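J.:
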Amino acid sequence: MNASAEQRASELERAFALFNDTSRVLAESYRELEQQVALLRTQLAAADAARERESQARARLAERLHGLLEALPGGVVVLDGDGRVQECNAGARELFGPMSPGEPWPAIAARAVGAGADGGTLRLADGRSLALSTRRLPGGGEVRLFTDVSEARALQAKLERRERLSAMGEMSARLAHQLRTPLAAALLYASRLAEGGLDATTAQRLGGRIQARLRHLERLIADMLAFARGDGAGAERIAVDALLDEIVRAAEPQRAPGARLECADASGGAALRGQRELLASALTNLVVNALQAAGAGGFVRIEAGRADGRVRIAIRDDGPGIPAELAERIFEPFFTTRSGGTGLGLAVARAVVAAHDGEIAVHGAPGAGATFTVSLPEADAGRALSAAAVANTRTPMP
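In the working numbering, the protein residues as written are 20 to 417.
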């Protein structure tokens with residue numbers, strides 16, 4: 020064999036050796052790949068099984084949460100960050116009517132909310148009262164819980180009435196004394212008339228005194244009945260300007276000679292909700308008291324304004340004022356500093372104002388006159404507040 024043949028044979032041997040080595044490496048790599056594929060398949064199957072278990076757990080949890088949501092006694096509404104309904108329970112649908120996912124909540128609130136707010140609660144169009152709690156959700160949105168407190172409010176009203184009746188019982192002895200005095204005077208004058216032999220002037224004078232005593236009795240009994248009733252606010256809309264005109268007309272006959280009675284209305288067309296007759300009577304009583312305190316040549320001014328959803332009516336006089344120690348006592352039943360007063364006018368006024376979710380306060384000092392300020396919820400602001408509260412309130416849940 021010549022040298023060239025030997026060289027070719029040697030090259031072939033090296034080539035076969037390289038091929039065998041490469042084949043062995045490829046076979047080992049293939050086996051490793053198969054093992055990795057098998058491992059990945061096992062891991063993928065395990066991951067799929069874990070995801071399936073998680074999905075089933077989430078489904079069970081969602082079903083459980085949905086069941087809990089439906090079982091809650093109140094209305095629950097879940098809103099997204101744009102104020103649209105994501106979810107609601109049967110209680111919410113019963114309170115606000117049908118609602119669909121994605122529906123804007125303000126539109127739902129506007130059609131369901133009634134005439135006004137009542138003592139911090141929301142009033143629906145059907146008259147029910149709701150308490151509202153709100154909690155923000157991570158990432159936007161919030162949960163709103165509505166609780167029907169109509170029965171609780173009714174029970175509260177009954178309790179307040181019973182408390183008033185209890186106060187009536189405690190005051191019965193004092194009332195008997197209050198009634199006996201003018202009644203005895205009227206009987207005395209009537210007995211004198213019955214004796215006869217009186218001239219026309221004397222008989223007329225005695226008749227006038229009898230009428231005065233009987234009118235006093237009538238006022239006393241009327242005030243007592245009003246205090247006992249403690250009538251609450253009704254559904255009547257009362258324009259503030261018309262109410263002020265009514266008060267001025269009713270109080271004008273009580274103005275002493277030379278006294279001035281002015282009225283400045285800056286309420287801007289505001290309105291109240293309640294019982295017109297009761298509010299007018301209570302406020303007129305405050306004005307008449309101011310006129311009596313101011314006396315002849317005195318000055319009384321009625322001022323009305325609106326702020327923060329409330330109407331404020333201030334009655335100012337330039338009378339002798341009120342000592343600080345009497346500022347609170349003057350609202351007590353049968354407490355009076357005026358001869359011939361029943362002592363019930365201010366008690367009735369405070370009861371009427373409170374029944375309309377309002378407040379009454381007095382400020383003054385001896386020699387500096389007095390100011391009675393009545394604050395009442397504005398009717399239109401009450402409705403707007405209710406709708407806005409249902410739509411936008413951020414009252415945290417406890």
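Note that CB positions come from ideal geometry on N, CA and C, so glycine has one too.
For clarity, every value in this text was computed on a predicted model and none was experimentally measured.
Provide the residue span of the beta strand (DSSP E) that contains Arg325, from first to last.
T.: In the sequence shown, counting from the first residue as 1, residue 325 sits at position 306. That run of the beta strand (DSSP E) goes 318 to 326.
J.: So, helix, strand or coil for His235, using DSSP?
T.: Here residue 235 corresponds to residue number 216 of the sequence shown, with the count starting at 1. In this structure, His235 counts as helix in the three-state DSSP scheme.
J.: Can you tell me whether DSSP reads Pro339 as helix, strand or coil?
T.: Position 320 of the sequence shown holds residue 339. Residue state, collapsed to three classes: coil.
J.: Shorter than 8 Å from the beta carbon of Leu297 to some beta carbon of chain B?
T.: The structure shown has no chain B; it contains just one protein chain.
J.: Under the DSSP definition of a beta bridge, which residues are partnered with Thr392?
T.: Locating residue 392 in the sequence shown gives position 373, counting from the first residue. Its beta-bridge partners are Ala333, Ala380.
J.: Distance check for Asp167 and Ile127, CA to CA, integer angstroms please.
T.: Working through the sequence shown from its first residue, we reach residue 127 at position 108. Working through the sequence shown from its first residue, we reach residue 167 at position 148. Their backbone Cα atoms lie some 17 Å apart in a straight line.
J.: I'd like to know whether the C-beta atoms of Ile266 and Val306 end up nearer to each other than 8 Å.
T.: Sequence index remark: in the sequence shown, residue 266 carries index 247 (1-based). Sequence index remark: in the sequence shown, residue 306 carries index 287 (1-based). Yes, the Cβ-Cβ distance between Ile266 and Val306 is below 8 Å.
J.: DSSP on Val56, reduced to helix/strand/coil?
T.: Along the sequence shown, one-based indexing puts residue 56 at 37. Helix at Val56.
J.: Determine the contact status of Asp337 and Ala366, defining contact as a CB-CB distance below 8 Å.
T.: Along the sequence shown, read from residue 1 onward, the residue named residue 337 stands at position 318. Along the sequence shown, read from residue 1 onward, the residue named residue 366 stands at position 347. No.
J.: Evaluate Gly138 with the Cβ neighbour count: other Cβ atoms within 10 Å of its Cβ, from every protein chain shown; 16 or more gives buried, anything less gives exposed.
T.: Within the sequence shown, numbered from 1, the residue matching residue 138 stands at position 119. Summary for Gly138: the model assigns pLDDT 46, below 50, so the residue's position carries little reliability; its value from the coordinates is reported in the next sentence. Exposed, because fewer than 16 other Cβ atoms sit within 10 Å of the Cβ of Gly138.
J.: What are the boundary residues of the alpha helix (DSSP H) that includes Leu345?
T.: Your numbering for residue 345 matches position 326 in the sequence shown. No alpha helix (DSSP H) holds Leu345; DSSP gives it neither H nor E.
J.: Can you check DSSP and say which residues form a bridge with Phe165?
T.: Mapped onto the sequence shown, residue 165 falls at position 146. Answer is Gly94, Leu151, bridged to Phe165.
J.: Are there three or more Cβ pairs, one per stretch, closer than 8 Å when the stretch 319 to 328 is compared with the stretch 378 to 387?
T.: The stretch 319 to 328 vs the stretch 378 to 387: no contact.
J.: How about Arg256 and Ala219: are their beta carbons less than 8 Å apart?
T.: Here the question's residue 256 lines up with position 237 in the sequence shown. Here the question's residue 219 lines up with position 200 in the sequence shown. No, they are not a contact pair.
J.: So, Thr303 versus Ala258, is the Cβ gap smaller than 8 Å?
T.: Along the sequence shown, one-based indexing puts residue 303 at 284. Along the sequence shown, one-based indexing puts residue 258 at 239. No, the Cβ-Cβ distance between Thr303 and Ala258 is not below 8 Å.
J.: Leu225 and Leu262 - do their beta-carbons sit closer together than 8 Å?
T.: Here residue 262 refers to the residue found at position 243 of the sequence shown. Here residue 225 refers to the residue found at position 206 of the sequence shown. Result no, Cβ atoms of Leu262 and Leu225 do not sit closer than 8 Å.
J.: Which of the three DSSP states, helix, strand or coil, is assigned to Arg279?
T.: Residue 279 sits at position 260 when you count from the first residue of the sequence shown. Strand at Arg279.
J.: Measuring alpha carbon to alpha carbon, tell me which of Pro396, Ala374, Ala333, Ala373 ends up nearest Ala389.
T.: Residue mapping note: residue 389 aligns to position 370 of the sequence shown, counting from 1. Comparing Cα-Cα distances from Ala389 to each of Pro396, Ala374, Ala333, Ala373, the minimum goes to Ala333.
J.: Nearest-angstrom Cα distance between Gly316 and Ala309?
T.: For this step, residue 316 is matched to residue 297 along the sequence shown. For this step, residue 309 is matched to residue 290 along the sequence shown. Rounded to the nearest angstrom, the two C-alpha atoms are 13 Å apart.
J.: When we look at the beta-carbon of Asn108 and count the other beta-carbons within 10 Å, is it buried (16 or more) or exposed?
T.: The residue labelled residue 108 in the question sits at position 89 within the sequence shown. Buried, because 16 or more other Cβ atoms sit within 10 Å of the Cβ of Asn108.
J.: Ser119: buried (16+ other C-beta within 10 angstroms of its C-beta) or exposed?
T.: As a working note, residue 119 is residue 100 in the sequence shown. That one is exposed.
J.: At the level of alpha carbons, what is the spacing between Glu71 and Gly110?
T.: The residue labelled residue 71 in the question sits at position 52 within the sequence shown. The residue labelled residue 110 in the question sits at position 91 within the sequence shown. Answer to the nearest angstrom: the Cα atoms are 33 Å apart.
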